[in-house]
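Protein chains in written order, with my numbering: chain S, 1 to 165; chain Y, 1001 to 1299.
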């Protein structure tokens, strides 16, 4: 496939799936303007890095990866991204949950550390297979599984708290 | 738990889609396709037919100061003849509607001795502005055809440097609706009345590497200072496919500032995420001094 065809492929794909990727971006950045910015940046990156798309069949996971990375770039820039190591995270499991009372479910997801949030969004909201998620996040399938389990664990505690209130 | 997940999924699926999305996506695709056509390296946003003509007109004046030894040597002795040169607002393209706004100011040079040179530059600025305005009108037509929406463009100029020797003008175009922006720079030698091109300042192509390496060092230093200073450069991005800056183009945008330093310019999205905006790097003269054709402009 030559470059022009690939470009047309990307354009068609992006046009068809723009709403999906906008929602994904929005889930990360939580506001309309930034989400539009992420979509715009991601398309720009897709075109300038189209050589990295080895096989057009992978365009879906390839573009997911670009959108996720672009959204994270923006969050990094906005400094909303808080890096949390495993130790603090285990604290989150137990003591720090009531921090989230009175907040909606999406906020609970956004409070998750980035690595857990991505697997959760991609698995349950985008209905992607674990294999695909591993490909998008450039991680092993087993890592994705662990993170997903952990994410659910954290959220469950979170939500029981909300139910009990 | 499953109920909660379902509820979250519902909330996710109900994230409203803004009406601008379609336009933003189309614009980004258009940019991507254009960039692809023009071969990744050429970042100039001007239509091809127009650049060719303008380049031909400007070429005549660019060949010059540094190509001939005696000419370069005599530069210092030339009395200040170009210092009357100044930049004025020539005209303005305007469109004002509830949802469509365009405001493009066109600069013009005045007071250069070489009126032919002056006219060629002024013509270039005019053609650029006209092209921006035409593109805006096209977008407006498109937006209208899909049921309307907000678009806006602002064009203008800024005098970056004005001293005895150098007049540097930036022209910019900013979309007020999708954040797209582009800039063009001209650095004019007022004494000799010529347009300085980046390659003309140097003996050979070595400057490309020395300047690029310095910029990469600056990017990494900025990033280390504050990780919100993020650039798509090796050493910062984790994945090789995200690297978009390796070296500058031989005709990279630049100007010479009031301190006599070379400033290398990048458009928004060119080397960093959009949030970083358009970028400028001041190159220490130390870095380029061995490559320079003459010391006329730099301190």
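Heads up, the beta-carbon is just placed ideally off N, CA and C, and yes, glycines get one too.
Only a predicted model underlies this, so the values are computations on that prediction, with no experimental measurement involved.
When the Cα atoms are used, what is the spatial distance from residue i to residue j?
| i | j | result |
| --- | --- | --- |
| residue 8 (chain S) | residue 1167 (chain Y) | 42 Å |
| residue 69 (chain S) | residue 38 (chain S) | 9 Å |
| residue 1150 (chain Y) | residue 1100 (chain Y) | 6 Å |
| residue 95 (chain S) | residue 1010 (chain Y) | Reliability fails at residue 95 (chain S), whose pLDDT of 47 lies under 50, so the model's placement of it is uncertain and no value is given. |
| residue 1254 (chain Y) | residue 47 (chain S) | 25 Å |
| residue 148 (chain S) | residue 1028 (chain Y) | 33 Å |
| residue 180 (chain S) | residue 1189 (chain Y) | This structure does not reach residue 180 (chain S), given that chain S is present from 1 up to 165, and the question cannot be answered. |
| residue 1017 (chain Y) | residue 1264 (chain Y) | 38 Å |
| residue 1172 (chain Y) | residue 154 (chain S) | 49 Å |
| residue 57 (chain S) | residue 1296 (chain Y) | 56 Å |
| residue 1062 (chain Y) | residue 1266 (chain Y) | Low per-residue confidence applies at residue 1062 (chain Y): pLDDT is 38, beneath 50, and the placement is therefore not dependable, though the value from the model is reported in the following sentence. For residue 1062 (chain Y) and residue 1266 (chain Y), the distance between alpha carbons rounds to 22 Å. |
| residue 145 (chain S) | residue 130 (chain S) | 7 Å |
| residue 51 (chain S) | residue 1242 (chain Y) | 11 Å |
| residue 1013 (chain Y) | residue 14 (chain S) | 18 Å |
| residue 976 (chain Y) | residue 1231 (chain Y) | Since the displayed chain Y opens at 1001 and closes at 1299, residue 976 (chain Y) lies outside it and no answer follows. |
| residue 1251 (chain Y) | residue 1035 (chain Y) | 16 Å |
| residue 112 (chain S) | residue 64 (chain S) | 20 Å |
| residue 59 (chain S) | residue 1201 (chain Y) | 44 Å |
| residue 1111 (chain Y) | residue 1282 (chain Y) | 29 Å |
| residue 28 (chain S) | residue 17 (chain S) | 17 Å |
| residue 1123 (chain Y) | residue 1191 (chain Y) | 21 Å |
| residue 49 (chain S) | residue 24 (chain S) | 21 Å |
| residue 1119 (chain Y) | residue 1087 (chain Y) | 13 Å |
| residue 1142 (chain Y) | residue 1233 (chain Y) | 36 Å |
| residue 44 (chain S) | residue 1030 (chain Y) | 10 Å |
| residue 1147 (chain Y) | residue 1116 (chain Y) | 47 Å |
What is the residue span of the beta strand (DSSP E) that residue i lies within?
| i | result |
| --- | --- |
| residue 1245 (chain Y) | Run containing residue 1245 (chain Y): none; DSSP gives neither H nor E here. |
| residue 1198 (chain Y) | Per DSSP, residue 1198 (chain Y) belongs to no beta strand (DSSP E) and is neither H nor E. |
| residue 67 (chain S) | Where residue 67 (chain S) is concerned, there is no enclosing beta strand (DSSP E), although the alpha helix (DSSP H) it sits in stretches over 59-78. |
| residue 1256 (chain Y) | 1254-1256 |
For residue i, which residues of its own chain have a beta-carbon under 6 Å away from its beta-carbon, when the five flanking residues on both sides are left out?
| i | result |
| --- | --- |
| residue 1133 (chain Y) | 1093 and 1104 |
| residue 42 (chain S) | 66, 67 and 70 |
| residue 1280 (chain Y) | 1263 and 1265 |
| residue 1136 (chain Y) | 1102 and 1153 |
| residue 1121 (chain Y) | 1109 |
| residue 115 (chain S) | 147 |
| residue 128 (chain S) | 122 |
| residue 1284 (chain Y) | none |
| residue 1287 (chain Y) | 1210 and 1214 |
| residue 1277 (chain Y) | 1268 |
| residue 1180 (chain Y) | none |
| residue 1095 (chain Y) | 1102 |
| residue 1228 (chain Y) | none |
Considering only residues of the same chain and omitting the five flanking positions on each side of residue i, which have a CB-CB separation below 8 Å?
| i | result |
| --- | --- |
| residue 1204 (chain Y) | 1291 |
| residue 1256 (chain Y) | 1161, 1166, 1168, 1187, 1196, 1262, 1263, 1297 and 1298 |
| residue 19 (chain S) | none |
| residue 151 (chain S) | 112, 116, 117, 119 and 120 |
May I ask you to list the residues that DSSP assigns as paired with residue i?
| i | result |
| --- | --- |
| residue 1184 (chain Y) | Y:1171 |
| residue 37 (chain S) | The partner list for residue 37 (chain S) (beta bridge, DSSP) is empty, contrary to what the question assumes. |
| residue 1266 (chain Y) | Y:1279 |
| residue 1015 (chain Y) | None; residue 1015 (chain Y) has no bridge partner. |
| residue 1105 (chain Y) | Y:1092 |
| residue 1161 (chain Y) | Y:1168 |
| residue 14 (chain S) | Note: residue 14 (chain S) sits in no beta bridge, so no partner. |
| residue 1189 (chain Y) | Y:1166 and Y:1194 |
| residue 1100 (chain Y) | Y:1151 |
| residue 1260 (chain Y) | DSSP lists no partner for residue 1260 (chain Y). |
| residue 1292 (chain Y) | Y:1202 |
| residue 144 (chain S) | The partner list for residue 144 (chain S) (beta bridge, DSSP) is empty, contrary to what the question assumes. |
| residue 1156 (chain Y) | Y:1172 |
| residue 1110 (chain Y) | Y:1086 |
Leaving out five residues before and five after residue i in sequence, what residues of the same chain have Cβ atoms less than 7 Å from its Cβ?
| i | result |
| --- | --- |
| residue 22 (chain S) | 35 and 39 |
| residue 1019 (chain Y) | 1149 |
| residue 135 (chain S) | 61 |
| residue 1004 (chain Y) | none |
| residue 1258 (chain Y) | 1161 and 1163 |
| residue 133 (chain S) | 119, 122, 123 and 144 |
| residue 1206 (chain Y) | 1291 |
Under the criterion of a Cβ to heavy atom distance below 6 Å, does residue i qualify as lining the ligand COA?
| i | result |
| --- | --- |
| residue 1117 (chain Y) | Summarising the ligand content, the structure contains no ligands, and the ligand COA is consequently not present. |
Along the alpha helix (DSSP H) that carries residue i, what are the first and last residues, could you check?
| i | result |
| --- | --- |
| residue 1218 (chain Y) | 1206-1225 |
| residue 1132 (chain Y) | 1115-1145 |
| residue 1231 (chain Y) | First-last for residue 1231 (chain Y): undefined, no H or E at that position. |
| residue 1176 (chain Y) | Per DSSP, residue 1176 (chain Y) belongs to no alpha helix (DSSP H) and is neither H nor E. |
| residue 135 (chain S) | 130-137 |
| residue 115 (chain S) | 114-120 |
Q) Any contact of the region 1152-1164 of chain Y with the region 1243-1250 of chain Y, i.e. 3+ C-beta pairs under 8 Å? A) Contact between the region 1152-1164 of chain Y and the region 1243-1250 of chain Y is absent, because fewer than three Cβ pairs lie under 8 Å.
Q. Does the pairing of the region 1192-1208 of chain Y with the region 1235-1244 of chain Y give three or more beta-carbon distances under 8 Å?
A. Judged by Cβ distances under 8 Å, the region 1192-1208 of chain Y makes no contact with the region 1235-1244 of chain Y, as fewer than three pairs qualify.
(Q) Is it the case that the region 1122-1137 of chain Y contacts the region 1203-1217 of chain Y, given that we only count it when at least three CB pairs across the two stretches are under 8 Å? (A) Three or more beta-carbon pairs separated by less than 8 Å are not found between the region 1203-1217 of chain Y and the region 1122-1137 of chain Y, which leaves the two stretches without contact.
Q. Does the region 133-146 of chain S touch the region 1016-1026 of chain Y, meaning 3 or more C-beta pairs lie closer than 8 Å?
A. The region 1016-1026 of chain Y vs the region 133-146 of chain S: no contact.
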